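Just so we're aligned, residue 9 is where the sequence shown starts under this note's numbering, counting upward by one. Virtual Cβ for every residue (Gly too), placed ideally from N, Cα, C. For clarity, every value in this text was computed on a predicted model and none was experimentally measured.
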Amino acid sequence: MITMEHVCKSYKIAKRNAGFKEACKSLFRRETEEIRALSDVSFQIDDGEMVGYIGPNGAGKSSTIKILSGILVPDSGNCIIDGRSPWKNRVEHVRQIGVVFGQRSQLWWDIPVIDSFELLKEIYSIATPDYKRTLEELTELLQLQEILRTPTRQLSLGQRMRCEIAASLLHNPKLLFLDEPTIGLDAVSKLAVREFIKKQNAEHRTTVILTTHDMQDIEAIANRVILIGKGRILLDGTLEDMRKTVQETEEQNAVMHAEADATEKVAVTSGTEQSADDKAKENLDQVVARLYRQLDIL
């Protein structure tokens, strides 16, 4: 089980104006600004859950994942995963998690993929029989037979992402963090990755936390959605809960406008109400975009 309680995290970033004079001035007197990445973030995730962690750019998603994976230490609050503190018990913790960052690679760039897998086997101290069994399973499920002997730099993006996912699962982690796992992939590769993640969860009860801007990934994989904005948790529930929140907020806004000025009631409600057919056609991207605007987190 994952438990985050009142976690806060801030960063100090340097700022200066353009120009050589400003650059010299910053050597002696640096101007900084404090950015509040996370503010009182709390949630629980049970074993075997598949959770979509969504929000606009800069909302605090990556900071949360880095704290959960033990890369960052929060300023305050607590985080416990299966009885461990990620940053205090880092060596033990990383043996139980897998991490896939869509724009970063854990594969060595100039050597064949299979050599990277062999290195990871030694890093995680995986027993040879377990490694061979897991590698055979992952190779078949992710269709890696033809690319295992190819250097990583010569793979297409879709091929590399399939290898990244396999690399993160070689040691059979109980918890899998996926940060934009389908970014830049074609439709066929996206479907293959989504189906694999669902199968991994069904067969091994792997807990999955998915951060992405692709709402089709969320709809296909996640059973639950956590929405973060400006460092705060704003919504925690199912996709249907999110749709209801959008609808209820719009209805409340329409009523408030109508009460404020009865003469504008028709204009306001006609602009916000939707027919049942319109709502059925509306995709998740549109729902999320409207929710962001309602909560003023863009």
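Determine, using beta-carbon pairs with one atom in the region 120–140 and one in the region 190–209, whether at least three such pairs fall under 8 Å.
no
Measuring CA to CA, which of Gly66, Ile79, Val107 and Gln302 is closest to His329?
The structure shown does not extend to residue 329, since the chain is modelled only from 9 to 306, so the question has no answer here.
Between Leu184 and Ile217, is the Cβ-Cβ spacing less than 9 Å?
yes
For Arg202, the first and last residue of its enclosing alpha helix (DSSP H):
Ala195 to His212
Any 3 or more C-beta pairs closer than 8 Å across the region 52–61 and the region 221–231
yes
Which first and last residues belong to the beta strand (DSSP E) in which Thr219 is found?
Segment Thr215 to Thr219, the beta strand (DSSP E) holding Thr219.
Going by beta-carbon coordinates alone, are Cys87 and Met12 separated by less than 9 Å?
yes
Which listed residue (Leu152, Gly192 and Asp187) has its alpha carbon closest to that of Ala174
Leu152
Kindly provide the ranges of any beta strand (DSSP E) runs that are 3 or more residues long and lie completely inside the region 74–129, ordered along the chain.
84–89 and 105–109
Close Cβ partners of Lys17 (< 6 Å) along its chain, the five nearest in sequence each way excluded
Ala45, Leu46, Ser71, Pro82 and Asp83
Mapping DSSP to helix, strand and coil, what is Tyr300?
Of the three classes helix, strand and coil, the one that applies to Tyr300 here is helix, per DSSP.
Specify whether the region 143–160 and the region 111–118 touch according to this definition: at least 3 beta carbon pairs, one from each stretch, less than 8 Å apart.
yes
Following the continuous alpha helix (DSSP H) through Gly166, name the residue where it begins and the one where it ends.
Leu165 to Leu177
In this structure, does DSSP put Gln255 in helix, strand or coil?
helix
Host alpha helix (DSSP H) of Gln224 (start-end):
Counting along the chain, the alpha helix (DSSP H) containing Gln224 begins and ends at Met223 to Ile229.
Out of Asp55, Arg240 and Leu76, state which residue places its alpha-carbon closest to the alpha-carbon of Ala210.
Asp55
Just to check my reading of the structure: Thr219 and Lys69 have Cβ atoms closer than 8 Å, yes? What is that Cβ distance to the nearest angstrom?
Distance from Thr219 to Lys69 at the Cβ level is roughly 5 Å; contact confirmed, criterion being Cβ atoms closer than 8 Å.
Sequence-distant residues of its chain with Cβ nearer than 8 Å to Lys23 (five each side left out):
Glu39, Thr40 and Glu41
When DSSP builds the beta bridges, which residues end up paired with Thr246?
DSSP, once it has assigned bridges, lists no residue as partnering Thr246.
Helix, strand or coil for Ser70, going by three-state DSSP, please let me know.
The DSSP-derived three-state label of Ser70 is helix.
If you follow the beta strand (DSSP E) that Tyr19 is part of, which residue opens it and which one closes it?
Start and end: Ile10 to Lys23.
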